[in-house]
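First residue of the sequence shown: 1, per full-length UniProt numbering; consecutive thereafter. Even glycine gets a Cβ: it sits at the ideal position worked out from N, Cα and C. Structure record follows, encoded as structure tokens.
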Amino acid sequence: MKVGTEGVYAPFTFTDGSGKLTGYDVEVVEEIGKRANLDIEFVPTPWDSMFLGLESKKFDFIANEIAKNPEREKKYTFSDDYLVSAAQIIVKKGRTDIKTLEDLKGKRVMTGVGSNYNKTLTDFDKNKEINYAYFDGNVSIALEEIAQGKADATLNDRLTVGYFTKQRGNLVEIVGEPVTKTPVYFTFRKDSEELKNKVNKALAEMKADGTLAKISEKWFGGDYTK
Numbered sequence: 001m002k003v004g005t006e007g008v009y010a011p012f013t014f015t016d017g018s019g020k021l022t023g024y025d026v027e028v029v030e031e032i033g034k035r036a037n038l039d040i041e042f043v044p045t046p047w048d049s050m051f052l053g054l055e056s057k058k059f060d061f062i063a064n065e066i067a068k069n070p071e072r073e074k075k076y077t078f079s080d081d082y083l084v085s086a087a088q089i090i091v092k093k094g095r096t097d098i099k100t101l102e103d104l105k106g107k108r109v110m111t112g113v114g115s116n117y118n119k120t121l122t123d124f125d126k127n128k129e130i131n132y133a134y135f136d137g138n139v140s141i142a143l144e145e146i147a148q149g150k151a152d153a154t155l156n157d158r159l160t161v162g163y164f165t166k167q168r169g170n171l172v173e174i175v176g177e178p179v180t181k182t183p184v185y186f187t188f189r190k191d192s193e194e195l196k197n198k199v200n201k202a203l204a205e206m207k208a209d210g211t212l213a214k215i216s217e218k219w220f221g222g223d224y225t226k
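Dropping the structure here:
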């Protein structure tokens, strides 16, 4: 069973110091594999070709903290949710002039090409007053740019900040209220109902017996599965 994943999106899917693929999504899929009797093989794939890889059957489903949107729902089918993310503004530690989307106008804002976070920004920014700097999906690049003062902010998942802080020190921080709260899902081709049902059965067991919550606590310091 081949699973597409970036492998550069800590703490969800990334390689550790020894080169082993790890992260929240990776551990959840490995546990699903054990319970559903699926032999899992991860296929590291850049974000900008992730959905193409699924369509061309390079792999069977995607595990990469993916949210639904109308365009994706037309083309794909999704598992039950396995995590609830929250989009928040992230700035350099100690910065006080940015708290809301309105405050991003005139600022240099890092954003991932084709991401839901980018769509949230552009939907808000009707008059194109935000200066966008694009990155390939590896949010640590955006956080590093912000930490060094090369960019002002990003809108991204608050869960990524804890891991970055662990690795690099207290260089960035979350500000303001969550802009959106979004469940995330594994993504399948529409001809994969049988596989999706197997994954959902294992997920339901993991929610019921507390395994999913434990994996969340390990990576994020709390249960973000509801």
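**Request:** Quick one: give me the first and last residue of the beta strand (DSSP E) that S85 is part of.
**Result:** Start at 1 with the first residue of the sequence shown, and residue 85 comes out as number 85. L83 to K92 is the extent of the beta strand (DSSP E) around S85.
**Prompt:** Among K34, P44 and I66, which has the Cα closest to the Cα of F188?
**Reply:** Translated into positions along the sequence shown, residue 188 becomes position 188. Among K34, P44 and I66, the Cα nearest to that of F188 is on I66.
**Item:** Validate contact between the stretch 147-154 and the stretch 68-79 using beta carbons, cut 8 Å, 3 pairs
**Value:** no
**Message:** Check this for me: beta carbons of A153 and I98, under 9 Å apart or not?
**Reply:** Your numbering for residue 153 matches position 153 in the sequence shown. Your numbering for residue 98 matches position 98 in the sequence shown. Yes, the Cβ-Cβ distance between A153 and I98 is below 9 Å.
**Asked** Per the contact definition of three or more C-beta pairs closer than 8 Å, is the stretch 80-97 in contact with the stretch 153-162?
**Response** yes
**Message:** Whole angstroms are fine: how far does the CA of P44 sit from the CA of G23?
**Reply:** Position 23 of the sequence shown, counting from 1, holds the residue named residue 23. Position 44 of the sequence shown, counting from 1, holds the residue named residue 44. For G23 and P44, the distance between alpha carbons rounds to 13 Å.
**Proximity to D81 [Cα-Cα], best of L212, Y117, K105 and G114** = Taking the sequence shown and counting its residues from 1, one reaches residue 81 at position 81. That would be L212, whose Cα lies nearest to the Cα of D81.
**Item:** Contacts around D191, its chain only, beta-carbon distance under 6 Å, and the 5 residues preceding and following it disregarded
**Value:** The residue you call residue 191 lines up with position 191 of the sequence shown. Excluding positions up to five away in sequence, the list is empty.
**Inter-residue spacing [alpha-carbon to alpha-carbon] between D123 and A133** = As a working note, residue 123 is residue 123 in the sequence shown. As a working note, residue 133 is residue 133 in the sequence shown. The alpha-carbon atoms of D123 and A133 are separated by roughly 16 Å.
**Message:** Tell me which residue opens and which closes the beta strand (DSSP E) that L155 is part of.
**Reply:** Numbered from its first residue, the sequence shown carries residue 155 at position 155. Secondary structure note for L155: its beta strand (DSSP E) is the uninterrupted segment A153 to D157.
**Request:** Starting from E193, follow the alpha helix (DSSP H) in both directions and report where the run begins and ends.
**Result:** The residue labelled residue 193 in the question sits at position 193 within the sequence shown. Element bounds for E193: E193 to D209.
**Request:** Could you pull out every residue in the same chain whose Cβ sits closer than 8 Å to the Cβ of V172, ignoring the five residues on either side in sequence?
**Result:** Against the sequence shown, residue 172 aligns to sequence position 172. So the qualifying residues of the chain are I90, V91, K92, K93, L143, I146, A147, V161, F164 and T165.
**Message:** For D39, count the other beta carbons within 10 Å of its own beta carbon; 16 or more makes it buried, fewer makes it exposed. Which is it?
**Reply:** As a working mapping, residue 39 is identified with position 39 in the sequence shown. D39 comes out exposed.
**Request:** Can you say whether G106 is buried or exposed, counting buried as having 16 or more other CB atoms within 10 angstroms of its CB?
**Result:** What you label residue 106 is simply residue 106 of the sequence shown in a count that begins at 1. The residue in question, G106, is exposed, as its Cβ has fewer than 16 Cβ neighbours within 10 Å.
**Prompt:** Which partner residues does A147 have in the DSSP bridge list?
**Reply:** Position 147 of the sequence shown holds residue 147. Bridge partners of A147: none, in fact.
**Prompt:** DSSP three-state call for I130: helix, strand or coil?
**Reply:** Translated into the one-based positions of the sequence shown, residue 130 becomes position 130. Coil.
**Request:** Would you kindly check if the distance between the Cβ of E27 and the Cβ of K218 is under 9 Å?
**Result:** Here residue 218 corresponds to residue number 218 of the sequence shown, with the count starting at 1. Here residue 27 corresponds to residue number 27 of the sequence shown, with the count starting at 1. Closer than 9 Å, so yes.
**Message:** Tell me the DSSP secondary structure of I40 in three-state form.
**Reply:** Your numbering for residue 40 matches position 40 in the sequence shown. Under the three-state reduction of DSSP output, I40 falls in the coil class, being neither helix nor strand.
**Item:** DSSP state of V175 mapped onto helix, strand, coil
**Value:** Along the sequence shown, one-based indexing puts residue 175 at 175. Here V175 sits in strand by DSSP.
**Request:** Could you say which of T100, D209 and I62 lies nearest to W47 if we only look at CA atoms?
**Result:** Stepping through the sequence shown from its first residue, residue 47 is reached at position 47. Of T100, D209 and I62, the residue nearest in Cα terms is I62.
**Message:** Alpha carbons only, please: which of I141, N69 and K57 is nearest the one belonging to Y117?
**Reply:** Numbered from its first residue, the sequence shown carries residue 117 at position 117. Among I141, N69 and K57, the Cα nearest to that of Y117 belongs to N69.
**Prompt:** Where does the unbroken beta strand (DSSP E) through G4 begin, and where does it stop?
**Reply:** Here the question's residue 4 lines up with position 4 in the sequence shown. Unbroken beta strand (DSSP E) run through G4: K2 to T5.
**Span of the alpha helix (DSSP H) around F61** = Indexing the sequence shown from 1 puts residue 61 at position 61. Per DSSP, F61 belongs to no alpha helix (DSSP H); it is in the beta strand (DSSP E), F61 to I66.
**Prompt:** Would you report the Cα separation of K128 and T111, rounded to the nearest angstrom?
**Reply:** Translated into the one-based positions of the sequence shown, residue 128 becomes position 128. Translated into the one-based positions of the sequence shown, residue 111 becomes position 111. Distance between the alpha carbons of K128 and T111: 14 Å.
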